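Asks:
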Amino acid sequence: MTDDYCFPRHVRLLNAGDYQSVFNNTSAKVFAGEFLLLARKRDDNQTRLGLIVPKKTDKRAVGRNRIKRLVRDSFRHHKNPLAGLDIVFLARQGIKELDNPNLHSRLDKAWSQLAKKALKPSQNKKREHSKQK
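Under my numbering, think of the first position of the sequence shown as 1, with each following residue one higher.
1) Count Cβ pairs between the stretch 77–84 and the stretch 16–33 that sit closer than 8 Å; are there 3 or more?
2) Following the continuous alpha helix (DSSP H) through ARG66, name the residue where it begins and the one where it ends.
3) Do you know how far the Cα of LYS68 is from the Cα of LYS41?
4) Among all the DSSP beta bridges, which residues are the ones paired with ARG40?
5) With 16 other CB atoms within 10 Å as the buried threshold, where does LEU13 fall?
6) The ligand ZN heavy atoms versus the CB of LEU103: any closer than 8 Å?
7) Tell me whether SER74 is buried or exposed, calling it buried when 16 or more other Cβ atoms sit within 10 Å of its Cβ.
8) List the residues that DSSP assigns as beta-bridge partners of PHE23.
9) If contacts are defined as beta-carbon pairs under 8 Å, then VAL11 and LEU49 qualify, I think. What distance do you get, rounded to the angstrom?
10) Under three-state DSSP, which class holds LYS131?
11) Which residues in the same chain have their Cβ closer than 6 Å to the Cβ of ASN36, if we skip the five residues on either side of it in sequence?
12) What three-state label does DSSP hand ARG92 in the structure shown?
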């Protein structure tokens, strides 16, 4: 197994401050019904992921862990186009009804949407720049 497909500490959001910075400075959002992806641009090329799977989505730890395992696996395979982002995955009600292949395909689509939204120059910066002229 290569390092590209591992999930070591340096690719995880580890503390409340990391999560809070993503919530406060979101540069892109992707809402996919059963989950929400939030992203914040970083100054370096590192990509990090944080997972929030509350008990409300699935009462049983086995179910919550299945969701987290699938998200981590999908993230590992889409890490390169998401370089330079801190990402928070937020599970919502109804996610436990999705089977593994369906959740994987939705995640694949969401990662690509997030990469497009987060890594393009934002419209707000363009407007601010035009106002200064």
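Don't be surprised by glycine CBs; every beta carbon is placed ideally from N, CA and C. Since the model is a prediction, treat every value here as computed from it, not as a measurement.
Replies: So, from the data block:
1) no
2) 61–77
3) 23 Å
4) ASP86
5) buried
6) Of the ligands one can find in the structure shown there are none, so the ligand ZN has no counterpart to examine.
7) buried
8) Note: PHE23 sits in no beta bridge, so no partner.
9) 6 Å
10) With a pLDDT of 48 at LYS131, under the threshold of 50, the modelled position of that residue is not reliable, and no figure is offered here.
11) It is worth fixing the name first, because residue 36 is Leu in this sequence and not Asn. Excluding residues within five positions, the ones whose Cβ falls inside 6 Å are LEU90.
12) coil
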